[in-house]
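Written below as structure tokens is the structure these notes are about.
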Ligand code: GLY
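Okay, structure coming up:
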């Protein structure tokens with residue numbers, strides 16, 4: 015189906031699904047499970063509303079987005095590495111669309127909070143967690159796309175504190191979390207007193223040495239963003255290497271990966287459509303940088319595969335079925351994920367408007 019026709023279907027469905035009390039996160043039995051404060055994913059709901067406003071020109075979506083922004087603003091002081099996910103699809107995209115300086119101000123405050131999560135001994139942004147009764151630092155591959163908040167803050171203010179910390183974090187991520195074959199670890203934990211790295215870890219993959227497919231997709235997207243903002247050739251070459259691994263290890267029957275690249279291939283194995291949507295957005299980011307048609311074609315095939323195999327009917331909330339949030343905890347398995355829907359829509363917008371400068375500037 016034409017990408018613009020898919021967007022028409024999305025528009026019609028979303029108009030009927032706007033009445034929701036809290037932030038959608040993942041579905042359970044096809045119905046949104048919501049969070050009051052937006053958890054780490056609330057920004058993506060607002061991002062969907064912004065893209066729908068851009069696509070349709072309908073102020074209904076813009077007014078909804080503004081309403082939800084008010085609820086998310088207080089998160090600007092949350093000490094978490096997820097601040098990029100929370101603030102760039104919501105406040106930064108909103109600022110780019112509306113030029114409302116207040117949105118920029120809030121996003122910059124969030125960027126300042128993100129800086130406070132930096133550890134200058136290991137040169138990483140991190141969160142704290144409890145592991146075996148001990149408080150430790152946690153660094154994940156998922157942090158890479160969160161750096162967009164810092165790259166953007168540097169571009170807006172010229173203040174190198176944002177650039178330097180994002181750059182140090184990206185460099186350390188290459189060293190610790192990317193393997194020589196282009197696959198990724200999910201993360202590592204470290205001792206908060208000595209700053210010694212304790213071990214590599216996975217939370218959502220099969221095992222530490224495997225390659226969790228959404229982590230690989232976050233890495234493609236995160237390094238593509240780093241490359242776009244810094245123009246550093248190393249980041250582009252890392253992105254291409256990550257993308258090569260990702261594309262080479264897709265199943266043969268369609269373009270949606272199993273939740274981990276190390277599962278035994280079997281058409282009934284659990285997949286992750288959200289990983290596919292994120293990877294597609296990352297590949298389109300590479301296309302924006304390089305103009306190499308290959309990346310756009312791959313993204314187009316992924317989006318078509320998602321639509322043909324996993325587009326939900328009217329009965330279910332969310333657009334894409336068969337995401338996998340957290341198999342080990344049985345959270346959001348074979349369900350819709352708000353970030354999967356977001357990157358599906360963001361990719362469609364990029365594919366439809368790839369030659370329109372005013373829309374390209376929104377990324
Ligand atoms: N924490 C982000 C993810 O689960 O992908």
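Residue numbers (the working numbering): 15 to 377.
The beta carbon of each residue, even a glycine, is placed where N, CA and C say it ideally should be.
Computed from a prediction, not measured in an experiment: that's the story for all the values here.
Would you list the one or two residues that DSSP bridges to residue i?
{"i": "residue 46", "result": "41"}
{"i": "residue 351", "result": "40"}
{"i": "residue 285", "result": "272"}
{"i": "residue 201", "result": "154, 215"}
{"i": "residue 334", "result": "325"}
{"i": "residue 192", "result": "198"}
{"i": "residue 226", "result": "274"}
{"i": "residue 345", "result": "340"}
Counting only the same chain and skipping the five closest in sequence on each side, list residues whose C-beta sits under 6 Å from that of residue i.
{"i": "residue 236", "result": "158, 159"}
{"i": "residue 219", "result": "200, 226, 274"}
{"i": "residue 14", "result": "Beyond the ends of the chain as shown, which are 15 and 377, falls residue 14; an answer cannot be given."}
{"i": "residue 330", "result": "44"}
{"i": "residue 268", "result": "319, 323"}
{"i": "residue 95", "result": "131, 139, 141, 157, 160"}
{"i": "residue 168", "result": "176, 177"}
{"i": "residue 229", "result": "155, 198, 200"}
{"i": "residue 368", "result": "none"}
{"i": "residue 263", "result": "275"}
{"i": "residue 166", "result": "106"}
{"i": "residue 315", "result": "269"}
Apart from the five residues on each side of it in sequence, which residues of its chain come closer than 7 Å, Cβ to Cβ, to residue i?
{"i": "residue 62", "result": "355, 356, 359"}
{"i": "residue 258", "result": "196"}
{"i": "residue 143", "result": "150, 152"}
{"i": "residue 15", "result": "321"}
{"i": "residue 255", "result": "196"}
{"i": "residue 28", "result": "66"}
{"i": "residue 252", "result": "188, 192, 237"}
{"i": "residue 283", "result": "272, 277"}
{"i": "residue 75", "result": "63, 66, 67"}
{"i": "residue 104", "result": "57, 60, 61, 83, 86"}
{"i": "residue 190", "result": "202"}
Are the CB atoms of residue i and residue j nearer to each other than 8 Å?
{"i": "residue 320", "j": "residue 334", "result": "yes"}
{"i": "residue 289", "j": "residue 350", "result": "no"}
{"i": "residue 265", "j": "residue 271", "result": "yes"}
{"i": "residue 376", "j": "residue 20", "result": "no"}
{"i": "residue 65", "j": "residue 155", "result": "no"}
{"i": "residue 287", "j": "residue 324", "result": "yes"}
{"i": "residue 317", "j": "residue 17", "result": "yes"}
{"i": "residue 211", "j": "residue 145", "result": "no"}
{"i": "residue 86", "j": "residue 100", "result": "yes"}
{"i": "residue 292", "j": "residue 260", "result": "no"}
{"i": "residue 206", "j": "residue 183", "result": "no"}
{"i": "residue 246", "j": "residue 133", "result": "no"}
{"i": "residue 51", "j": "residue 89", "result": "yes"}
{"i": "residue 46", "j": "residue 34", "result": "yes"}
{"i": "residue 365", "j": "residue 313", "result": "yes"}
{"i": "residue 338", "j": "residue 346", "result": "yes"}
Which residues in the same chain have their Cβ closer than 8 Å to the Cβ of residue i, if we skip the five residues on either side of it in sequence?
{"i": "residue 164", "result": "98, 125, 128, 129, 176, 177, 179, 180"}
{"i": "residue 303", "result": "238, 241, 242, 250"}
{"i": "residue 108", "result": "60, 64, 79, 80, 83, 114, 117"}
{"i": "residue 170", "result": "118, 122"}
{"i": "residue 326", "result": "44, 332, 333, 334, 335, 350"}
{"i": "residue 68", "result": "111, 363, 373, 376"}
The region 190-207 in contact with the region 117-127 per 3-pair CB rule at 8 Å: no
Ordered list of beta strand (DSSP E) runs contained in the region 83-122, each at least 3 residues: none
Every unbroken beta strand (DSSP E) inside the region 131-163 [3 residues or more]: 141-145, 148-154
Three or more C-beta pairs below 8 Å linking the region 55-71 and the region 36-44: yes
Segment contact flag, the region 133-140 with the region 103-118, C-beta cutoff 8 Å, min 3 pairs: no
Touch test, the region 163-177 against the region 124-132, Cβ-Cβ under 8 Å, three pairs minimum: yes
Minimum length 4: unbroken alpha helix (DSSP H) runs contained in the region 49-76: 56-70
Entirely enclosed beta strand (DSSP E) segments - the region 239-267, minimum 3 residues: none
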